[in-house]
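Trainee:
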Amino acid sequence: MQFTEEMHGFCAPGSADPLTAHRSGRREPLSFRLTVTADDVDRFLDEPDHTARVDGWIDSPCLGGRRPVPRGTFNLFDEDAPTLRYRLYTTDAEGRSRTLAGHKVISRGAPVRVWSDTMVLPFRLLHGHTADDDDLRAQVLGAGVVRLRPVDLARMLTTFRTTGPGGPAALARFGQFFLGSLWSHYLLPGS
Numbered sequence: 000m001q002f003t004e005e006m007h008g009f010c011a012p013g014s015a016d017p018l019t020a021h022r023s024g025r026r027e028p029l030s031f032r033l034t035v036t037a038d039d040v041d042r043f044l045d046e047p048d049h050t051a052r053v054d055g056w057i058d059s060p061c062l063g064g065r066r067p068v069p070r071g072t073f074n075l076f077d078e079d080a081p082t083l084r085y086r087l088y089t090t091d092a093e094g095r096s097r098t099l100a101g102h103k104v105i106s107r108g109a110p111v112r113v114w115s116d117t118m119v120l121p122f123r124l125l126h127g128h129t130a131d132d133d134d135l136r137a138q139v140l141g142a143g144v145v146r147l148r149p150v151d152l153a154r155m156l157t158t159f160r161t162t163g164p165g166g167p168a169a170l171a172r173f174g175q176f177f178l179g180s181l182w183s184h185y186l187l188p189g190s
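If you want it as structure tokens, here you go:
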């Protein structure tokens, strides 16, 4: 199964906190287009961290223009925390390794926040190619926020594809998992 997602926003060079980066005097546009691929939907949904691979591009003056994302990861509602996590590996225009690490935090029991929680991605731009457990030690080059606009969401919904036997059933299982997770986090407090 795969789908393509495009988000748009900004990066504030030198800022370390995505949630206060909007107050930065210097903000630069940042957008990305990513294809998220789960090679085996059953395994993706059954694994505790629900990891899929990602490739695509990031476009920002912070990186020197449009840069390829040859690899990355997407985690959907891992069991440790109700988040959607993105880890995108790229390079800047000078060939230096960079990681865009973003987390969409799902707020339990706050249904009015479903749009902002799932459509807004705060991120930090890090020096090097870092793993999750290295984020706090990594040099932060910038921070910001990207958003999935309504037009982007509509476009994304047309990109869901499956291949192989049982493709429609796999897509239905993914949809049930995703919507069921949102239901339990927003409408069933304490579950």
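Oh and the sequence shown: position 121 is 120 in numbering that gives the first Met the number 0, straight run, nothing missing. By construction, the Cβ of each residue, glycine as well, lies at the ideal position given by its N, Cα and C atoms. Note that the structure is predicted; figures quoted are calculated from it, not measured.
Kindly identify the DSSP beta-bridge partner or partners of Arg160.
Mentor: Gln1
Trainee: Drop a sphere of 10 angstroms on the beta-carbon of Pro69, count the other beta-carbons inside from all chains shown, and report buried for 16 or more, exposed for fewer.
Mentor: exposed
Trainee: Which value, in whole angstroms, describes the spacing of the CA atoms of Arg112 and His128?
Mentor: Caution is warranted here: a pLDDT of 48 is assigned to Arg112, below 50, making its placement in the model unreliable, and the coordinate value is therefore given only provisionally. Rounded to whole angstroms, Arg112 to His128 spans 32 Å at the Cα level.
Trainee: Going by beta carbon distance, what residues of the same chain come within less than 8 Å of Glu93, once the five residues before and after it are set aside?
Mentor: Gly63
Trainee: Scan the stretch 124–149 and note each continuous beta strand (DSSP E) run of 3 residues or more that stays entirely inside, going in chain order.
Mentor: 139–146
Trainee: State the Cα-Cα distance for the pair Gly71 and Arg154, rounded to the nearest angstrom.
Mentor: Straight-line measurement puts the Cα of Arg154 at about 22 Å from the Cα of Gly71.
Trainee: Tell me which residues share the same chain as Ala15 and place their Cβ nearer than 8 Å to its Cβ, disregarding the 5 neighbours each side in the sequence.
Mentor: Arg123, Val139, Ala142
Trainee: Using 10 angstroms around the beta-carbon of Asp151, count the other beta-carbons present and answer buried if the total reaches 16, otherwise exposed.
Mentor: It counts as buried.
Trainee: Measure the beta-carbon distance from Ser30 to Glu5 and round it to whole angstroms, keeping in mind my assumption that it falls under 8 Å.
Mentor: 7 Å
Trainee: Can you name, in chain order, every residue of its own chain whose Cβ lies under 8 Å from the Cβ of Arg146, other than the five neighbours on each side?
Mentor: Met6, His7, Gly8, Met118, Val119, Leu120
Trainee: For a test of the three-state rule: what should DSSP assign to His7, helix, strand or coil?
Mentor: Collapsing the DSSP output to three states places His7 in a strand.
Trainee: Below 8 Å on the Cβ atoms is my contact criterion, and I expect Leu125 with Ala100 to pass it. Report the Cβ-Cβ distance as a whole number of Å.
Mentor: 6 Å
Trainee: Can Thr89 and Arg66 be called in contact, C-beta distance under 8 Å?
Mentor: Judged by beta-carbon spacing, Arg66 lies within the 8 Å limit of Thr89, meaning their Cβ atoms are closer than that value.
Trainee: Could you please give me the residues that DSSP links to Val53 through a beta bridge?
Mentor: Among the bridge pairs identified by DSSP, Val53 is matched with Val35, Gly71.
Trainee: Looking at the secondary structure, which residues open and close the alpha helix (DSSP H) in which Leu44 lies?
Mentor: 40–45
Trainee: Rounded to the nearest angstrom, what separates Arg26 and Arg148 at their Cα positions?
Mentor: 19 Å
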